[in-house]
Each structure stands twice: as structure tokens, then as C-alpha cells.
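Undergrad: I'd like to ask some things about the structure below.
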Amino acid sequence: MIVSARSWQNPNSYFPQFPRPPLFVKRRRYFVHAAHRFSRISLIRTVTAVLLSAVGLGCAIPAFAFDCAKAAKPVEKKICANKSLLSADEQMNAAYSKLLKSAPDAEIREMLVRSQRRWIDARNTGLDGDLQGNSLSAGEVRKQIAERTRLLQDQSDKGLIAIAQRERQWLAKYAGGPFSGFAADCSFIPNDRSGTTVSYTCFGAVHVQNHDRVCSQSQDFASWQTDMYSTVSRVDGGTVHAQAYCDSQSNACNDGSSKAGWVRAAKADGEDRFPVPASGMPRLDAEMWSLVDSAWFNNCLTTPQYPAGL
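Here the working numbering is used: the first residue of the sequence shown is 0, the next is one more, and so on.
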């Protein structure tokens, strides 16, 4: 499941009568440091630089199937002990292999590898139990594997490859630069108070550079609501400097005026919730496309002074 900002404006519509979350559900920050730390309910491992540099259209397909003889994680053991789950996992791996073969170029192929690795990591930490520590049902695990398989099999304009191509087309309108990229963080979030059913959901930050300006937006999920943050930064001598921040639950940041909630970066010292661009981020991420507010980015990146009055 990929959630857009608009669908989360009323959290009660998605989490009906959901109780106050337990203390261990912490606010999650989507800001990017040079070391690229992405934290959420659980730490998500990053695909190593060696793997990404090795990926190419002519390379062997990275396989994420596991050996049941070496299964160590609870969800792996659950899959191996259930013929239906094992069959579903094999179907997903087959769909993934076929999708990689259809990738039109190395950059999109790298994105697909990263996406599947991220889902596997989320599966290993998010499908092993509910909020109370009880094991998720085999039926729920099967449903999540089937949903991932359907996404991997989708060759329509809603599929990962088609979305990545639209994303690339959109980014081509701007000059680009080393501080453009996506910082995604995806995991399984409970659907209701029982926590017995979940949805795979992506949040994170989007950074777009146009000449010496970088505009960033992020979504942060905490306490069963979505917070949205915006940052405008300037690139000077290969270093990025935040200029202004805006914290908004609505559209108060969209017009770029100082009255809309924008503040100078110097007045927000100590804040760690705003998205800060860093070099070396992935340039494409189809699972982050629904977070992109293209109208805001165009306004931010092309208006001579943005935000106005600061």
C-alpha cells in the first residue's frame, strides 16, 4: 500500500476508533543525514553499495528466496512450515525475476532491486507478530505476499516500471544535481486496534534540485496521523544549506508566503523533523511517487524568490 498525503488527512477514516498508541510507538523523523540514516518502527537495512554498483542489465538476477534449512526469522519459519505460504513465496520470487528481466535500463533495475530488498526487510520485521506480540495468522501473511506479487506482476501504467518512467520524465523538467533523490522508509502498519491485519506503507522524503535550489517535502507517520514538512535549501560550493522550513497539516505551505507558516532556518534551530537533502540518494523510487506534490515542487523550484518575504 502506498499512501498519499490527502488520504491521511483524517487518520480516523483509516484507523476507526483506534486507541492511543502504546508508548513504544515513537514519532518517526524523515530527514536525511550524510550517512543516510532511515529509522522507523524497526531499522530497515540499506542495500549495500557493492550490490548497487554490481547491478546491470547483463548481471545475474539478485535472488531473495531463502533456504528453509537455514530459516532463522519467525516469519521465514512460518513460511517454510506452510505449503501454501511457501508456494506464495515462490510465486512472488518468480514475478520479481520476470520484472527484473523487463527493466528497460540499469537505473530502473537498481530501483526494483532496492524496492524488493526493502519489502523483504519489512516482511522479516513486520509480519512476525502483531502489536501485542502475537503471531500474525498464516492467512494475513499469505495476503501480504499475494499483494506484493500482484504489484510485481503489474505491467500496466500503475506498475513500478511505468511509475518510475513517469517519475523520471517529471524530474527531467529541472536541472537536477547531486541533492536530488528519495529517502524512502516502508513497513507494515496495523489496520485497526487489533493489529491482526496490516498494510505495507511507504513514507519518507522527496528532494528535487534545480540549479542552486533544493526543495524538499516529507511525510512522517506518528501517533496514527501524518505530519507533512517542507524545506527550501540553497547549494553553495557543493554544500547544501537549509533556508526555510514549513510545518503543515494542510495546504498552509503551498503558496510560499511567510504568512503561510514558513520560517527562516535559523529560527528552527534544534528541529530534526524537517527533510534535509544529502548527496548520493536514489534518483528513482516508484513507491514514493504518490508522495510527490508536483504543483508545489514546480512553484518552489521555479519561482524567483521562494518562499516570498523571508
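All C-beta atoms in this analysis are idealised placements derived from N, C-alpha and C, irrespective of residue type, glycine included.
Only a predicted model underlies this, so the values are computations on that prediction, with no experimental measurement involved.
DSSP puts Ser215 in a beta bridge; with which residues?
TA: Answer by DSSP bridge pairing, in chain order: His206, Thr230.
Undergrad: Asn123 and Val74 - do their beta-carbons sit closer together than 7 angstroms?
TA: Yes, Cβ-Cβ distance for Val74 and Asn123 is below 7 angstroms.
Undergrad: Helix, strand or coil, according to DSSP, for Arg165 in the structure here?
TA: It is helical.
Undergrad: Roughly how many angstroms separate the alpha carbons of Arg192 and Asp104, rounded to a whole number?
TA: The alpha-carbon atoms of Arg192 and Asp104 are separated by roughly 43 angstroms.
Undergrad: Using only the alpha-carbon positions, how far apart do Asn298 and Tyr305 sit?
TA: Asn298 and Tyr305: Cα-Cα distance of roughly 8 angstroms.
Undergrad: Sort Gln143, Ala161, Ser217, Lys77 by Cα distance to Arg108 and report the nearest one.
TA: For the residues Gln143, Ala161, Ser217, Lys77, the minimum Cα distance to Arg108 belongs to Ala161.
Undergrad: Taking buried to mean at least 16 other C-beta atoms within 10 Å of its own C-beta, is Ala71 buried or exposed?
TA: Exposed.
Undergrad: Just curious, the alpha helix (DSSP H) that Trp295 is in, first and last residue?
TA: Looking at the DSSP string, the run of the alpha helix (DSSP H) that includes Trp295 is 293-301.
Undergrad: Determine the burial state of His32: buried for a count of at least 16 other Cβ atoms within 10 Å of its Cβ, exposed for fewer.
TA: Confidence at His32 is low in this model, with a pLDDT of 33, below 50, so the placement of that residue should be treated as unreliable; the coordinate-derived value is given next. The residue in question, His32, is exposed, as its Cβ has fewer than 16 Cβ neighbours within 10 Å.
Undergrad: Give me the Cα-Cα distance between Val239 and Val205, rounded to the nearest whole angstrom.
TA: Taking the straight line joining both Cα atoms gives about 15 angstroms.
Undergrad: Find the nearest neighbour of Gly279 within the set Gly176, Ser217, Ala171, judged by alpha-carbon distance.
TA: Considering only alpha carbons, the answer is Gly176.
Undergrad: Reducing DSSP to helix, strand and coil, say where Ser136 ends up.
TA: Reduced to three states, the DSSP call for Ser136 is coil.
Undergrad: Enumerate in chain order the residues of its own chain whose CB-to-CB distance from Glu89 is below 8 angstroms, with the five nearest sequence positions on each side excluded.
TA: The answer, listed in chain order, is Ala64.
Undergrad: Using the Cα positions of Phe202 and Ile188, report the straight-line distance between them to the nearest angstrom.
TA: C-alpha separation (whole angstroms): 11 angstroms.
Undergrad: Among the candidates Gly158, Thr200, Leu130, whose CA atom is the shortest distance from the CA of Leu290?
TA: Nearest option by C-alpha distance: Thr200.
Undergrad: Assign Tyr199 to one of three DSSP states: helix, strand, or coil.
TA: Residue state, collapsed to three classes: strand.
Undergrad: Enumerate in chain order the residues of its own chain whose CB-to-CB distance from Ser114 is below 8 angstroms, with the five nearest sequence positions on each side excluded.
TA: If we look at Ser114 and ignore the five residues flanking it on each side, its Cβ neighbours are Leu159, Asp284, Ala285, Glu286.
Undergrad: Going by the beta-carbon positions, is the gap between Ala137 and Asn92 smaller than 7 angstroms?
TA: Going by C-beta atoms, Ala137 is not nearer than 7 angstroms to Asn92.
Undergrad: Which whole-angstrom value is the C-beta distance of Arg147 and Trp118, which I expect to be below 8 angstroms?
TA: Yes, Arg147 and Trp118 are in contact; Cβ-Cβ is about 6 angstroms, under 8 angstroms.
Undergrad: In terms of alpha-carbon separation, which member of Thr196, Gln154, Trp295 lies closest to Leu98?
TA: That would be Gln154, whose Cα lies nearest to the Cα of Leu98.
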